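One structure is given below, encoded as structure tokens.
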Amino acid sequence: MKPEHTQGPEPSHTRRRFITAGAGTVAGLYLAACGGSSSSKSSSSTSASSSSAASASTGQKVTLNNLFQQQAGYSAQDLAGMTAAFEKANPNIKVNNTLVAYEALHDKIVAAAPAGTYDVVLGDCIWPAEFGSKKIVADISDRVKTLPTSQIFPGALAMADYQGKYYGMPWILDTKYLFANGSMLKKAGVSPAELKTWNGVLGALKKIKSSKVVKYPWLGSWSQAEAVVCDYAQLLGAFGGKFLDSSGKPAFASGGGLQALQFMKAMLDQGLADPASTSSLEADVLKAFAQGRIAMNLNWTFQLAGAKDPKQSRVTKDDVMIMHTPAGSAGGPAPGCNGGQPVMITSGSKNADAAWEFIKFITGQNTQDGYVADSLPIWSASYNDPAVIKGAGKPLVSVAKTQLPDMILRPQVTNYNAASQALQVQIQDALLGKKSPQDALNAAASAFSSSGPPA
Amino acid sequence: MRESPRYRIAIHAAAILVSLIFLLPFAWLVIASLASQSDLLKIPLSFIPSHLSFSRYSQIFSAQSGTIFANFRASLFNSLIVATATVAISITVGVFGAYAFARLRFRGQRASLLLFLSTYMVPPIALVIPLYLIMVKLHLLNTRIGLIIVYCTFATPFVLWIMGNYFQTIPRELEDAARIDGCSRIGALFRVILPLARPGLLSTMLFAFLIAWDEFLYALIFTSTTAAKTIPVAIAEFTGRYTTDFGLQAAGGILAAIPPVLIAVVFQRYIVGGLASGAVKG
Amino acid sequence: MATTATPPTPTVAEGGTSWRARTREGRFALALLAPSIIVVFGIVVYPILKTLYTSLFAVDTPFSGHFPWVGLDNYKFAIEQSDFWSAVLRTAYFTFVSTGFEVVFGIGIALLLYAPLRGRWLFRTIVVLPWALPTIVNGAMWRYFFNAQYGVVNAVLTQLGITSSYHAFLSSPFAALNIVIFADVWKNTSLVAFFLLAGLTTIPRDLYEAARVDGYGRWGAFVHITLPLLRPVLVVVLVLRTIEAFKVFDIIYVMTGGGPANGTQSIAFYTYQRAFSDEYFGYGSALAYLIVLFILGLAIVYIRLLRSDWNQA
């Protein structure tokens with residue numbers, strides 16, 4: 024371990040400051056003793072962003088402090104591999120990646136914003152409006168536009184876009200596909216062609232239930248979380264609905280939006296969807312599928328690998344079918360929910376140039392093509408590359424190629440979290456039979472347009 | 028006092044029932060951490076797994092740095108440091124204050140004790156936002172010292188409360204005798220009162236330790252790396268990451284519980300003596 | 236012992252407490268308390284005041300800056316929200332039920348801990364275990380046990396023939412709230428029991444002998460001696476657990492995330508969502524102060540009870 028000269032004064036300064044601030048007596052002695060053991064290590068992560076800032080322009084070593092997540096998309100090992108390759112290519116830039124649970128990611132970014140703790144943060148496609156309008160992350164439109172954006176899936180670019188500005192660069196690209204258990208379909212006499220529309224799916228589920236293959240053929244990830252909004256969004260899109268109309272007002276309480284919720288409710292009412300749906304997340308759904316307890320479900324790409332992994336699955340590999348998400352009516356639209364995650368540069372970053380270099384590297388086609396086993400590239404050309412097809416598997420690449428260009432975004436509103444929480448609760452109220460779908464969506468729509476508390 | 032056989036049987040039966048209610052969840056947690064994934068997901072569930080293996084524990088203990096397992100180990104260490112330091116500081120400052128509450132008469136005595144206790148009534152959520160800014164300004168964000176300072180603010184009132192009442196139960200004559208022999212007040216506190224109050228001291232330490240070990244919200248917001256992340260945060264992360272592996276969650280949970288459980292088991296015989304006087308007087 | 240004895244004798248001889256001696260004692264007390272005051276209030280005073288200040292402004296970003304003054308509008312907005320009141324009622328239900336069960340079971344277990352059992356040390360060791368289990372682990376454990384598909388609770392119930400099929404316990408809002416209460420009671424009854432056991436050990440044995448001579452049975456002795464003498468401890472335990480329960484956050488964060496359909500959203504969890512997820516920092520601060528008001532209201536009731544005991548002492 025090489026102590027950098029800029030970090031020297033920090034810890035002792037901290038310690039002295041606290042002691043003089045108060046505890047001159049025994050407490051001070053204790054704190055000082057603790058400080059000696061811990062502050063030298065811990066300060067490297069908190070003070071590094073400010074200490075390295077000054078050196079950015081002089082060609083000295085720059086340290087980037089980045090925030091990523093533990094689960095979903097690229098694994099920790101993938102990120103470590105990409106980072107190592109980047110550091111090798113850019114010897115002047117050192118990268119510290121912090122990984123937290125996805126559930127803590129948003130709150131961490133917000134809490135750290137005033138302090139400028141991080142340079143690059145992993146976002147979610149539902150945050151550009153909030154983070155952009157509150158200036159938590161920087162507008163990097165000029166930087167993004169230097170890239171050949173026409174070669175990126177339009178849906179991928181949209182995940183970082185708010186009102187025509189890019190608040191991040193797309194990195195993780197994902198959407199929900201329809202998964203089905205092939206041998207269960209066969210047992211019930213269902214042909215995969217029936218699963219092209221949601222009505223076909225409903226019929227198939229009924230056949231599977233009546234032929235007693237499984238008790239509940241479907242499990243939704245309809246827990247009070249973003250998961251339920253994603254499933255709802257996908258159905259809403261299929262039934263031709265819209266979250267917001269052209270003037271930005273909520274439009275999901277009628278038409279396709281209403282049909283979508285009625286459809287989910289019908290699945291529960293007819294005993295086709297497991298009642299556990301309202302307390303299940305995507306991982307629970309994957310597990311149910313992999314254990315052969317359900318016949319069909321919607322899920323992110325990770326279910327494909329999970330259901331084929333003999334360590335966690337009882338379903339034989341050939342039984343795992345991945346399909347394009349169904350349409351509302353034959354030949355109609357069948358968009359998947361945009362589940363992308365862009366990487367963003369915080370507005371407090373003092374190393375924005377180095378941060379952009381890092382982002383450019385990890386989102387680059389070369390890097391992404393090397394890690395297709397965990398997440399598919401944002402670059403459309405990759406999908407014709409034989410190496411990519413081999414790495415990710417033909418079934419996935421061929422369905423991804425048709426579904427990824429067609430995605431539905433959850434509404435881009437600045438108060439997305441509050442609005443989404445209201446929507447989650449109202450959807451659950453309807454699913455649990457406490458309200459009619461119409462009443463529930465009306466209530467959710469008024470929450471969307473309500474101005475909220477004074478602040 | 029001789030008890031009737033019927034009474035003896037009844038209390039033993041009740042004690043066994045209570046023990047089962049407390050032990051069975053622990054037992055299943057241990058089994059789940061050792062059983063194979065397929066046994067855990069089997070329906071109907073078999074309560075005796077086909078084979079047991081310690082692979083999850085070795086996975087956590089042998090993982091290379093940078094992985095979530097290594098982070099978990101680091102958090103165990105952080106929690107130990109933070110909880111121990113919190114105990115050390117709050118006991119050290121609290122013992123003097125407790126002596127003042129127990130032995131001295133001064134204006135506003137009751138009100139000030141209540142004021143100390145009332146800090147405990149404020150929900151952490153009320154303080155976390157401005158505290159974050161203080162942490163940033165003092166460069167204490169994501170440091171163990173930062174957590175220790177925060178934890179001492181709610182552990183110390185406990186020490187004052189419980190130790191103060193404990194001191195009151197120690198006969199004053201013993202202290203007076205020591206002072207006649209030439210001890211100062213502080214001298215008597217250290218030579219006479221503290222040795223006599225050892226059970227109370229130990230049980231108060233256990234209280235403070237458990238409070239610090241258990242704290243979640245401040246740690247969630249104030250820490251982000253292995254430099255300071257504590258066990259409750261690591262566990263929350265762990266269960267989020269391995270939602271599909273109940274066994275791994277169980278193993279992590281057991282490891283997180285071992286230090287406080289060991290301490291509690293060792294200290295439990297003192298808890299009774301310590302609480303006896305600490306709690307009664309409010 | 237403590238409830239009947241320890242008169243408030245001053246340290247020095249009663250008649251000799253001059254004004255001067257008292258001031259000296261006051262100063263000495265201040266010196267002894269100074270470290271505690273610094274450790275406790277040195278850090279907390281600023282956040283407490285800052286939160287109060289923030290609650291009067293429309294603050295919607297984490298950055299510092301100039302924000303519009305809104306006076307008490309954030310408070311007004313809160314008490315006009317049905318969401319807010321549902322969360323308060325839910326929290327009150329949680330507090331009342333969990334504390335109630337903890338105290339009732341706690342008394343029973345305390346009596347058992349005190350009873351002449353064979354292997355009493357072993358029983359005491361077992362009872363201390365749940366208390367030592369971290370809340371986060373406890374929450375994760377019960378979430379797993381109550382899992383709709385692989386949970387051990389479902390397995391036990393069906394294999395014993397109590398239920399015919401697996402239930403999605405955590406999928407119904409009210410059931411989920413009660414399961415969270417169950418998990419809380421399972422863990423915290425131990426704490427209550429040990430506090431009460433401590434109280435039991437201070438009750439002089441000869442009181443029970445006297446009660447027997449007077450012709451009281453076991454139940455009579457419990458009602459007329461044990462319960463009244465336990466009252467001070469009961470009040471302490473009630474205060475402690477009520478404060479904790481009204482602030483409940485961790486176990487909900489881990490077990491249910493406030494769902495389903497907000498069925499387990501406590502007032503602290505509601506505040507967390509508004510302040511952090513929605514970035515309504517002014518509103519969140521106002522909510523936090525409303526929680527303090529609720530807890531203070533409850534605490535004042537208890538402190539009244541507490542004070543009567545102090546006056547005896």
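Protein chains in written order, with our numbering: chain S, 24 to 478; chain E, 28 to 309; chain A, 236 to 548.
Ideal placement from N, C-alpha and C gives every residue a C-beta, glycine not left out.
Please read all numbers here as calculations on a predicted model, not as lab measurements.
Item, Value
"Interface flag, K131/S vs chain E, CB-CB below 8 Å", "yes"
"Beta-carbon proximity list for E202/E, same chain, < 7 Å, skipping 5 on both sides", "A215, V219 and I220"
"According to DSSP, residues forming a beta bridge with V123/S", "Q92/S"
"Close beta carbons around Q282/S, own chain, < 6 Å, minus the five adjacent residues each side", "F262"
"Contacts of C179/E in chain A (Cβ-Cβ under 9 Å)", "V274, V275 and I278"
"P270/A beta carbon near the ligand COA (any heavy atom closer than 7 Å)", "For the ligand COA, the structure offers nothing, since it holds no ligand at all."
"With 16 other Cβ atoms within 10 Å as the buried cut-off, status of H78/E", "exposed"
"Short-range partners of chain S found in the stretch 383–408 of chain A, where Cβ spacing is below 9 Å", "A383, Q384, Y385, S400, Y401, H402, A403, F404, L405, S406, S407 and P408"
"Alpha carbon of A318/S to alpha carbon of M290/S, nearest angstrom", "14 Å"
"Continuous beta strand (DSSP E) assignments of at least 3 residues falling wholly in the stretch 485–522 of chain A", "none"
"Contact under 8 Å by Cβ, T146/E with V274/A", "no"
"Chain E within 8 Å of P476/S, Cβ atoms only", "no"
"Identity of the residue in V483/A, G519/A and I487/A nearest I530/A by Cα", "V483/A"
"Continuous alpha helix (DSSP H) stretch holding A330/S: start and end", "F325 to K331"
"Rounded straight-line distance, which links the Cα of A453/S to that of L259/S", "15 Å"
"Chain-ordered neighbours of V448/S on chain A, where CB pairs are closer than 7 Å", "A496 and N497"
"Closer than 8 Å to chain S by CB, F312/A", "yes"
"contact_flag[the stretch 150–168 of chain E, the stretch 137–144 of chain S] where n(CB pairs < 8 Å) is 3 or more", "yes"
"Entirely enclosed alpha helix (DSSP H) segments - the stretch 140–190 of chain E, minimum 4 residues", "151–164"
"CB contact check: S89/E to chain A, cutoff 8 Å", "no"
"Sequence-distant residues of the same chain with beta carbon closer than 6 Å to F123/E, five excluded per side", "none"
"Span of the alpha helix (DSSP H) around R53/E", "The displayed chain sequence assigns Phe, not Arg, to residue 53/E. Unbroken alpha helix (DSSP H) run through F53/E: P32 to L61."
"Exposed unless 16 or more other CB atoms sit within 10 angstroms - verdict on S233/S", "exposed"
"Selected residue, minimal CA-CA separation from G261/A, among A254/E, S139/E, T180/E and V186/E", "S139/E"
"Min CB distance W320/A to chain E below 8 Å", "no"
"Local conformation of Y537/A per DSSP, three classes", "helix"
"Within 9 Å of chain A by C-beta, residues of the stretch 28–41 of chain E in sequence order", "M28, E30, Y34, R35, I38, H39 and A41"
"6 Å Cβ shell around Q285/S - same chain, five flanking residues per side excluded", "P460"
"Cα-Cα separation between L122/S and G386/A, rounded to whole angstroms", "29 Å"
"Residues that Q435/S contacts on chain A, provided the C-beta gap is smaller than 7 Å", "Ordered by position in chain A, no residue passes the 7 Å Cβ test against Q435/S, which lies about 16 Å from the chain."
"Three-state class that DSSP yields for Q447/S in the structure shown", "helix"
"Residues from the stretch 284–295 of chain A in contact with chain E, defined by Cβ distance under 8 Å", "K285, T286 and T289"
"Cβ separation of N105/E and R171/E, assumed to be a contact under 8 Å, to the nearest whole Å", "6 Å"
"Residues from the stretch 141–157 of chain E in contact with chain A, defined by Cβ distance under 9 Å", "L141, L142, F143, L144, S145, T146, Y147, M148, V149, P150, P151, I152, A153, L154, V155, I156 and P157"
"Proximal residues to F294/E (C-beta, below 7 Å), its chain only, five neighbours per side dropped", "L229, S230 and L233"
"Buried versus exposed call for D272/E [16 or more other C-beta atoms within 10 Å across all chains shown]", "buried"
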